[in-house]
Structures are given as C-alpha cells and as structure tokens.
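Numbering (my numbering), first residue to last: 1 to 146. Okay, so here's the structure we're looking at.
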C-alpha cells in the first residue's frame, strides 16, 4: 500500500490533464476499486475512496458525451449477445448512484471490518457498472465477412 501515495496524485492529475473518455474513466474506476480491496486500514481506504469518488463524478458527466469514432468501432459487433437477467438495474445513472453512495459510506466508515465489507461491495458494484459501460452496444450495419 506504500505505492498508493504515489499513484493517487497521478490519477487525480489525469482528470485535469487531457480529457479521458467514458471507457478510460471506467477503467480507472475499476483500478481504484481493485486498490480498495488491498487496503487494510481506514487511513488507507480514505484517499483511494476520495479519488474513486472524483472518478465516479467524472464518469457521470461523461455519460452524455459523444464517443469517439474509435470507441464506437471498439464497441461495435456483428450481433449483440442476448442479455442475461441481472440483479442490478441496467440504467447507468442508477448504477452510478449506487456506487457513489457506497463510496461515500466507505469514506465515513471508522470500523475496519465494516470498511473491508463496504470496499468489497463497492468493488463489485463498480466492476459491474464498468463491465456494462464497456460492453458492445452498437451493431454493424453490414455483417463482417472474413
């Protein structure tokens, strides 16, 4: 966890330098959620959680932005696979709210056992939301032939 002190400032600066798109932001949220799983003390959770909240807020703003042509190509498939029913709402705004409230709860948790449990839940919520955001969502007008 010593590296957290070096990583967190770099991640914050990434939000102000350049303009990460929704996929970049989702991947950073996943990274921060993974780092949370490695935290052992409340003091370790807090800076990572603050950074995750900043990224979640940036991700929320990116929901309404237009994707680049390259991202559209990356998210385009010949056929969208059938969706399996899931226990979470498929709406990104609702998923964001779940993640944001859970992150806020973790930020204010003082008990390390509760923090570990909340971090695990937050990790699962963030990864679910990010997987949904990174899933193919466009269908080719003409099927690709090999």
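From the three backbone atoms N, C-alpha and C, an ideal C-beta is built for every residue, glycine too. Source: prediction; values computed, not measured.
Grab the span of the alpha helix (DSSP H) containing residue i for me, first residue to last.
i, result
"residue 48", "42 to 62"
"residue 120", "112 to 134"
"residue 23", "22 to 38"
"residue 74", "69 to 74"
Helix, strand or coil: which one does DSSP assign to residue i?
i, result
"residue 109", "coil"
"residue 139", "strand"
"residue 77", "strand"
"residue 82", "coil"
"residue 65", "coil"
"residue 17", "coil"
"residue 93", "helix"
- Message: Using a Cβ distance threshold of 8 Å, determine whether the region 44 to 51 contacts the region 91 to 102, with at least three qualifying pairs required.
- Response: In short, these stretches do not touch, since the Cβ pair count stays below three.
- Cβ pair count under 8 Å reaching 3, the region 19 to 33 against the region 104 to 117: no
- Taking three-plus beta-carbon pairs below 8 Å as touching, is the region 21 to 30 in contact with the region 128 to 139? yes
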